[in-house]
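Structure first, then comments.
Protein chains in written order, with this note's numbering: chain A, 60 to 204; chain B, 7 to 659.
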């Protein structure tokens with residue numbers, strides 16, 4: 060092999076090794092960090108894993124928001140108009156959080172079947188419905204028909 | 007009447023861009039000088055009518071013409087005038103109009119400032135930009151005209167601009183960002199023109215360098231501003247969320263950074279030519295992809311405008327045509343490219359190649375993380391989202407390694423460098439930065455922290471190697487002042503930008519490790535302590551703004567018994583949309599920010615209050631500004647002007 064070819068081969072090998080390393084890293088971190096989305100019905104049927112980081116979406120049930128008097132603990136129920144799931148969150152809710160509004164909560168299910176949220180997301184548009192929710196609801200409506 | 011004029015001007019602009027996309031390109035391929043000469047006047051005409059169209063829309067906003075749908079949906083008679091004008095780009099249609107206006111602005115800038123460019127090259131560059139303009143203006147006219155009317159029944163008043171956007175940040179952020187996005191079209195056009203002409207020597211790299219640097223500087227400035235805006239306006243105290251739309255602006259920036267460095271190597275050494283071409287194509291393609299992601303609503307994001315599948319489809323077609331067309335052209339032409347020199351393992355070329363690879367890999371991982379949810383959804387494997395930990399887990403090691411190479415490159419020479427020289431030059435900076443990095447977490451925090459050690463060492467490594475290289479320039483010189491003058495603006499620009507990286511890295515490290523945050527329920531008179539500061543809640547009072555009412559709280563902050571400042575965060579309620587907005591109040595400082603946001607009112611006059619202590623958070627934007635300033639500074643290099651004169655001389659000869 061000429062020195063020039065040898066150099067070329069080394070470069071190619073380095074690129075192949077490097078990129079497979081990166082791809083491996085990417086796949087690994089993706090698997091560690093993806094958050095699966097569940098609807099209230101899926102949770103009611105026990106499909107959601109306990110203790111894993113997941114997302115739950117739904118509409119906040121009217122009259123379900125209850126605040127603790129001495130802390131920032133809030134509890135509310137989320138519905139996809141079929142089943143509901145109870146959510147507990149400690150902290151400040153986003154400006155557009157209100158009853159009847161579509162939101163997404165991130166956190167995990169505890170053993171009692173209550174969703175412990177660490178983050179609550181509401182969109183800055185009052186008519187907004189997260190596409191995930193819109194789709195599950197559409198599927199629901201079609202199933203009813 | 008005025009909106010119709012605007013629409014008419016837009017149609018005329020489309021006509022001129024169609025001409026610009028055909029006549030000069032045809033002239034260049036058939037060597038018809040007259041037809042090539044048409045490029046400049048056509049660029050002027052296109053720009054003129056785009057300006058007229060834009061001014062018409064702005065006038066409709068200023069005059070509260072609510073018969074125009076776009077105005078009615080994004081403005082209101084109560085809105086202060088500066089927000090009425092910035093509302094022009096507050097929605098989908100107007101921001102696309104701004105996109106097209108900026109594109110025609112770049113086009114005319116190229117035609118004005120490229121006197122030295124050979125005629126056929128100029129004709130091709132402007133022609134390619136004409137093609138892009140044709141695509142975007144037809145997109146505007148067919149799917150999203152901002153001039154549509156509500157007739158005969160028009161609303162009495164407008165629906166108001168989203169309160170989040172009623173802010174100085176929105177006035178400046180989108181135009182800057184678009185200047186960057188669209189600016190990469192110039193580099194793209196130069197690359198395509200070089201491919202079309204088949205003259206793939208280093209000349210095209212020299213011509214497109216200043217344009218690429220300016221576009222990169224604007225994009226960086228836009229991203230910095232966006233981050234700052236998100237920090238004070240969204241009320242969460244975060245400065246980067248790995249939101250799909252943020253990623254959409256970061257990807258072209260990363261590839262643009264790679265492009266900038268690769269162009270330098272191509273110009274100076276005549277290597278990496280085909281790679282540079284590819285980067286120019288990708289930088290602009292990613293800008294288009296960014297536009298697609300924002301406009302089509304395929305991704306859930308804080309930025310998502312009202313979305314429409316038809317629009318998304320149109321942009322997707324544009325995207326496929328651009329990427330497909332340019333890559334096909336590339337595949338046919340690039341085998342003719344020859345490198346003009348060779349280089350060794352330890353050389354500036356090699357280190358810049360490493361820099362390029364890392365930047366591109368980073369852009370690819372961001373792209374993967376952004377598109378992975380889409381892919382999984384399309385495969386029907388469930389709905390997922392990719393969280394910030396993914397991006398952080400990859401960004402930190404890749405960037406860390408790249409920064410190590412960045413320091414090395416300051417000691418490396420072109421072609422080849424003996425290892426001995428590098429050791430001799432960089433041993434001291436390396437030891438100093440490691441030592442200070444090790445001591446810092448003990449001195450500043452309360453114990454060793456690996457992340458702080460890493461971040462501070464790497465930042466100091468950049469700073470010390472940059473300064474070391476700067477100092478080395480004076481060794482053989484008698485007069486310091488003469489040497490200072492002799493060094494070129496592009497050298498100073500590079501130094502400034504590299505120091506900016508270090509400053510940003512310090513900011514990111516310290517703010518992510520030493521930030522403190524508390525969400526508390528506070529009744530009147532309550533005090534909480536955070537990072538040695540005492541925050542006393544004094545209660546709220548109602549205040550009235552131009553188009554909102556608010557509860558304004560007062561919090562007295564003191565440090566060791568001494569009063570520091572009293573902050574007034576607000577909870578606003580905008581009259582028209584009836585939407586709530588948190589207006590955070592910040593005591594900004596070079597070494598720390600105190601940040602207070604109001605949550606919701608609780609019983610008995612108590613409020614939920616969020617208090618942040620953010621050390622060195624300003625550094626992250628300061629570094630971003632330094633990088634952009636550095637990018638702009640490089641353009642003032644005499645070299646570009648001189649080169650232009652010689653090339654024009656050669657062209658005329």
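We put the CB at the ideal spot given by N, CA and C, even for glycine.
Per DSSP, the continuous beta strand (DSSP E) segment holding residue 607/B begins and ends at 598 to 607.
The segment 496 to 516 of chain B makes no contact with the segment 579 to 592 of chain B: fewer than 3 CB pairs, one atom from each, lie closer than 8 Å.
Scanning its chain for C-beta atoms nearer than 6 Å, with the 5 sequence neighbours on each side dropped, one finds around residue 173/A the residues 145, 147, in chain order.
In the assembly as shown, residue 61/A is an exposed residue. Its beta-carbon has fewer than 16 other beta-carbons within 10 Å.
Among the residues of the segment 139 to 164 of chain A, those with a Cβ less than 8 Å away from any Cβ of chain B are 149, 150, 151, 152, 154, 155, in the order of the chain. Chain A places a beta carbon closer than 8 Å to that of residue 525/B, counting this residue as a contact. Assignment of residue 140/A by DSSP, reduced to helix, strand and coil, places it in the coil class. Using a Cβ-Cβ distance cut-off of 8 Å, the segment 626 to 642 of chain B and the segment 534 to 549 of chain B are not in contact, since fewer than three pairs of beta carbons, one from each stretch, lie closer than that value.
Spatial neighbours of residue 9/B in its own chain (CB-CB distance under 6 Å, excluding positions within 5 residues in sequence) are listed in chain order as 66, 74, 153. Just so you know, the alpha carbons of residue 137/B and residue 14/B end up roughly 20 Å apart. Taking 7 Å as the Cβ-Cβ cut-off, the segment 559 to 591 of chain B approaches chain A at 585, 586, 587, 588, given in chain order.
In the three-state DSSP reduction, residue 94/A falls in the strand class (E or B). For residue 126/B, the enclosing alpha helix (DSSP H) has its first and last residue at 125 to 149.
Under the 8 Å Cβ criterion, the segment 535 to 543 of chain B does not count as touching the segment 249 to 259 of chain B, having fewer than three qualifying pairs. Under DSSP, residue 118/A forms a beta bridge with 138/A, 161/A.
Neighbourhood of residue 126/A in chain B, by CB distance below 7 Å: 608, in chain order.
Taking a 10 Å sphere around the C-beta of residue 242/B, we find 16 or more other C-beta atoms and assign the residue as buried. Out of 521/B, 345/B, 124/B, 198/B, the CA that lies nearest to the CA of residue 274/B is found in 345/B. In the DSSP assignment, residue 613/B forms a beta bridge with 528/B, 607/B. The beta-carbon separation of residue 560/B and residue 471/B, rounded to 48 Å, does not stay under the 8 Å limit for a contact. Rounded to whole angstroms, the separation of the alpha carbons of residue 113/B and residue 317/B is 25 Å.
By the Cβ criterion, the segment 157 to 167 of chain A is in contact with the segment 122 to 142 of chain A, since at least three pairs of Cβ atoms, one from each stretch, lie closer than 8 Å. Annotated three-state conformation of residue 416/B is helix, per DSSP. Contact between residue 543/B and residue 557/B fails: their C-beta atoms lie close to 13 Å from each other, not under 8 Å. Annotated as distal: residue 155/A and residue 133/A, with beta-carbon spacing of 8 Å or more. Beta-bridge partners of residue 502/B (DSSP): none assigned. Within the segment 401 to 456 of chain B, the complete alpha helix (DSSP H) runs of at least 4 residues fall at 425 to 450. The C-alpha of residue 340/B is placed about 14 Å away from the C-alpha of residue 208/B. DSSP places residue 379/B inside the alpha helix (DSSP H), whose first and last residues are 354 to 384. At a Cβ-Cβ threshold of 8 Å, residue 167/A and residue 112/A count as neighbours. Under the Cβ distance rule, residue 135/A does not count among the residues neighbouring chain B, no pair being separated by less than 8 Å. Residue 392/B reaches chain A at 89, 92, 93, counting residues in chain order whose Cβ is nearer than 7 Å. The segment 484 to 492 of chain B makes no contact with the segment 520 to 531 of chain B; the number of CB pairs closer than 8 Å stays below 3.
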